[in-house]
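Colleague: Going by the UniProt record's numbering, the letters in the sequence shown line up with residues 1 to 342, in that order.
Built from N, CA and C at the ideal position, the CB exists for glycine as well.
As the structure is a computational prediction, the values presented were derived from the model and not from experiment.
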Amino acid sequence: MTKPRKRAPDWIQDGEKFALIGLDVRCTPDVSQFVASNRLTVLPDADFELPEHWREWLGTIRVEDVSRCSLFLLAKDTSASLSVLDAENHHLCGAVNDLLMGLMLTNKFATSDSPFMATGSCIYGEVDVRQFARINPPMRSIVGSDDEISLAQLQRAAQLAQALDAIRKAPRTSNWRLLRCLSIYQETRCEGNTLDRIHQFTRCIEGLIVPEPGSTKKQFKSRTEQFVGPSHHDLMGKIYDIRSAVEHMQEHQYLEKFDRATRIRLAEYEAVSEWVARSCLERILLNPVLTAHFGAVDSSKAFWERGPDERKQIWGAQFDPKAPLANFIFDNVRDAALGAEE
Numbered sequence: 001m002t003k004p005r006k007r008a009p010d011w012i013q014d015g016e017k018f019a020l021i022g023l024d025v026r027c028t029p030d031v032s033q034f035v036a037s038n039r040l041t042v043l044p045d046a047d048f049e050l051p052e053h054w055r056e057w058l059g060t061i062r063v064e065d066v067s068r069c070s071l072f073l074l075a076k077d078t079s080a081s082l083s084v085l086d087a088e089n090h091h092l093c094g095a096v097n098d099l100l101m102g103l104m105l106t107n108k109f110a111t112s113d114s115p116f117m118a119t120g121s122c123i124y125g126e127v128d129v130r131q132f133a134r135i136n137p138p139m140r141s142i143v144g145s146d147d148e149i150s151l152a153q154l155q156r157a158a159q160l161a162q163a164l165d166a167i168r169k170a171p172r173t174s175n176w177r178l179l180r181c182l183s184i185y186q187e188t189r190c191e192g193n194t195l196d197r198i199h200q201f202t203r204c205i206e207g208l209i210v211p212e213p214g215s216t217k218k219q220f221k222s223r224t225e226q227f228v229g230p231s232h233h234d235l236m237g238k239i240y241d242i243r244s245a246v247e248h249m250q251e252h253q254y255l256e257k258f259d260r261a262t263r264i265r266l267a268e269y270e271a272v273s274e275w276v277a278r279s280c281l282e283r284i285l286l287n288p289v290l291t292a293h294f295g296a297v298d299s300s301k302a303f304w305e306r307g308p309d310e311r312k313q314i315w316g317a318q319f320d321p322k323a324p325l326a327n328f329i330f331d332n333v334r335d336a337a338l339g340a341e342e
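#1: Classify A336 as helix, strand or coil using the three-state DSSP reduction.
#2: Relative to the C-alpha of N97, which residue among P138, S279, T216 is closest?
#3: When the distance is taken between beta carbons, is A267 closer than 8 angstroms to L151?
#4: Please list, in chain order, all residues of the same chain as M1 whose beta carbon is under 8 angstroms from its beta carbon, the five residues on each side excluded.
#5: Measuring only the C-alpha atoms, how far is M117 from G307?
#6: Tell whether a beta-carbon distance below 8 angstroms holds between T173 and A296.
#7: Do V143 and W57 count as a contact pair if the criterion is CB distance below 8 angstroms?
#8: From the DSSP secondary-structure annotation, give me the bridge partner or partners of F34.
#9: Looking at the unbroken alpha helix (DSSP H) that takes in S222, where does it start and where does it end?
#10: Go ahead and pull the three-state DSSP assignment for R7.
#11: Look up T194 in the DSSP assignment and say whether it is helix, strand or coil.
#12: So M101 and L178 are supposed to be a Cβ contact under 8 angstroms. How far apart are they, rounded?
#13: Let's test the definition: count the other Cβ atoms within 10 Å of the Cβ of N327 and tell me whether it reaches 16, buried, or not, exposed.
#14: May I ask which residues mark the beginning and end of the beta strand (DSSP E) holding L74?
#15: Can you list, in chain order, the stretches of the beta strand (DSSP E) that have 3 or more residues and sit fully within the segment 104-169?
#16: Would you kindly work out how many angstroms separate the C-alpha atoms of Q159 and R334, rounded to a whole number?
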């Protein structure tokens, strides 16, 4: 006997598999549902219909997690193996995570609660969840975690996700270095410790400049001129010093005693290192020429062996590393937020 067909929610059709990420974030009023590609869709909470049977299947706590979400990222595709959790689901999870990565590269947002990822299929109109898990949340930092997510940023995130998809389809060796930098960046956004964030964001930048052994700090300062201009050697050098201190367990020189001025400088360095890493990675992903130059170690080395004028023509305009600090008022930050004991 054929199973009765139910009405599927508007966000999925019968015969499709899906992967879904739910985020509890602040969005601007202009955010609305849009199809980002043939597989990717963005849904604000008003357009996400929670299947009724999920309330029983997921349980009260997980349903509350879903209900608190204000933005949903969706990847879906038709499938001939709807009842099986297989490589198709894995690829859809990767696609929706790339959309999340794109969003993280366009906005330094933090989530109020842990996001979730679910994957499954729609069979006879019923959305069957085969896997449901919380994923690591992007963490709040002192500077720049309160901006609302806009429709324009979501559209840009979709462009970045499509670029990532193209990169992943290329031979792995041609883009391994760039994908590693992106992975470190995404993981670090989920890290709450300021020094660890500086350490890892600086590693992202270092991954793009491939410094020679024994000349790392010197070349970190000189080669980042390509990105931020020649007036920031001292700033980039101090950021690299913190990266080295964390690497060699010397954090005590910054943290052993609470000093407000020192903690504010650390918050500034976190904001700068994140912004430089994010700006570079976003530009590289959206420009196929830059992707080819920075995808692998050998191609990156070849880029840095070119003359400064040629590199400038390839890279394009430099950006201000202090842009995130322009309108930030540290007088409004309490000592407790900087790590002082109450």
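Modeller: Answer, in terms of the structure:
#1: helix
#2: P138
#3: no
#4: Note that M1 scores a pLDDT of 42, beneath 50, so its modelled location is shaky; the value from the coordinates is reported in the next line. Closer than 8 angstroms at the Cβ level, and outside the excluded window around M1, lies no residue.
#5: 46 angstroms
#6: yes
#7: no
#8: V42
#9: 216-223
#10: coil
#11: helix
#12: That belief does not hold up - the Cβ atoms of M101 and L178 are roughly 12 angstroms apart, past 8 angstroms.
#13: exposed
#14: 71-78
#15: 116-123, 126-134
#16: 38 angstroms
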